[in-house]
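Numbered continuously in the numbering used here, the sequence shown closes out at residue 774.
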Amino acid sequence: MTNFKKILSPVLDDPKAPRVVEYKDKKIFGFDRFPINDKETLIFSIEQTNSKFTQGFAVGVFDGYLKTGKTRTNKRKFCKHLYWEDSSILDVKNIEVEVFTKGDHITICNIWEIEVTGYWGTRWKEWGDGITEEGFFKYDKPRKEPCYYGSGEWRAGKGNGAAMYSEDIPNGKRYFCNDGDEDEDFDDIIFTVKRVPN
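This is the structure:
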């Protein structure tokens, strides 16, 4: 069992993200920074999945927004849009994403859906003139949550197997990804991103 979370953890003298590590002749990372221009259009394609978890990928943009068909994210300092293999409204072999940004790159990572049950934690509630900690709570019913490199569920230890590597293809990249299970087959989801020529 391979704990990629430990392998990819930043070291003190190199806090830069994402950390890229040489592992069995592959350069692995938790997420990718894909260079982009404002108003550029990309085509994503989920080529295959092989996992007990529902798979997908996330695209994040700085100082801007993403547009997929008629759906548009809010314009923010950073926003992320999730694309799932079981989408009923998208052709997962041909997802057209328009990027509007002041930045020079987007982030790309794989995601998977987990079921959260019996989670205990704290929540805050307003009380008097301030906010106080209410105490512990438990989810009444199991619920599904997205998990990905850097998410709360990942930080809680539910994604130690998460890692990915890429290969260059004409006008883009192909990503080979592991979800939270601690294996090293990198076939839980394989997807591509390609630039649309002007």
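By construction, the Cβ of each residue, glycine as well, lies at the ideal position given by its N, Cα and C atoms.
Every value quoted in this text rests on a predicted model; they were computed, and no experiment measured them.
From phenylalanine 752 to lysine 717, what does the alpha carbon distance come to, in whole angstroms?
Cα to Cα, phenylalanine 752 sits roughly 33 Å from lysine 717.
With a Cβ-Cβ cutoff of 9 Å, do glycine 679 and phenylalanine 629 count as a contact?
By the CB criterion at 9 Å, glycine 679 and phenylalanine 629 fall outside the cutoff.
Within a Cβ cutoff of 7 Å, which residues of the same chain sit near histidine 681, ignoring the five residues on either side of it in sequence?
Correct list, in chain order: Arg609, Phe610, Pro611 and Ile612.
Which listed residue (Ile622, Lys770 and Ile684) has its alpha carbon closest to that of serine 663:
Distance check between serine 663 and each of Ile622, Lys770 and Ile684 places Ile622 closest, using alpha-carbon atoms only.
Under the three-state DSSP convention, the category phenylalanine 620 falls into:
Phenylalanine 620 falls in the strand class under three-state DSSP.
Of the choices Ala739, Glu691 and Phe580, whose alpha-carbon is the least far from that of glutamate 729?
Closest by alpha carbon: Glu691.
Residue ranges of each alpha helix (DSSP H) within the region 724 to 766, 4 or longer
DSSP runs (the alpha helix (DSSP H)) wholly in the region 724 to 766: none.
Residues in its own chain within less than 6 Å of glutamate 616 by CB, not counting five upstream and five downstream?
Here the set comprises Val675.
Would you kindly check if the distance between the Cβ of phenylalanine 607 and the Cβ of isoleucine 684 is under 9 Å?
With respect to the 9 Å criterion, isoleucine 684 and phenylalanine 607 are classified as neighbours on the basis of their beta carbons.
Less than 6 Å between C-beta atoms, sequence neighbours within five positions excluded: which residues of the same chain meet that for lysine 792?
No statement about residue 792 is possible, as the shown extent of the chain runs from 577 to 774 and does not include it.
Return the bridge partner residues of leucine 666 from the DSSP annotation.
For leucine 666, which the question treats as bridged, DSSP gives no partner whatsoever.
Please report the residue range of the beta strand (DSSP E) in which phenylalanine 633 lies.
Residues 631 to 644.
Residues bridged to isoleucine 612 (per DSSP)
Partner residues in a beta bridge of isoleucine 612, as assigned by DSSP, do not exist.
Secondary structure at phenylalanine 580, three-state DSSP: helix, strand or coil?
Phenylalanine 580 falls in the helix class under three-state DSSP.
Taking the Cβ atom as the reference point for each residue, do glutamate 689 and lysine 720 lie within a distance shorter than 9 Å?
The answer is yes: Cβ separation under 9 Å.
So threonine 683 is in the beta strand (DSSP E); what residue range does that whole segment cover?
Threonine 683: member of the beta strand (DSSP E) spanning 681 to 692, first to last residue.
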